[in-house]
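Straight run, no breaks: the sequence shown in the working numbering ends on number 250. Just so you know, even glycine gets a beta-carbon here, dropped at the ideal spot from N, CA and C. Being a predicted model, the structure only gives us computed values, none of them experimental.
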Amino acid sequence: MRFTMKPKTIALIIVAVLFVIILLQNIDRTHIELLFWDVESPLLILIVASIVIGYVIGWISHASYSRGKRSRKAEQTQ
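Right under this line is the structure:
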């Protein structure tokens, strides 16, 4: 039995490995000033937080776009 991986899975593994390498190279502490906050934390946390926030914003915007598209389609069929 031959085991083959889908190209999407291979690409996901490559991106995950590159992501881990980038994170491990950015463990230095950095100074962050945001409005009234003045924090010193590892750059790794800032990178992960930015990625998570970007993912959540993309997911919310996609969900609202899809919902609007479905409602417009339903209005057209009535």
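Taking the Cα positions, residue 211 is about 30 Å away from residue 233.
In this model, residue 230 and residue 220 are separated by some 15 Å (Cα to Cα). Residue 213 is positioned such that its CB atom lies closer than 8 Å to that of residue 204. Note that the C-beta distance between residue 195 and residue 216 is below 8 Å. For residue 206, the enclosing beta strand (DSSP E) begins and ends at 201–206.
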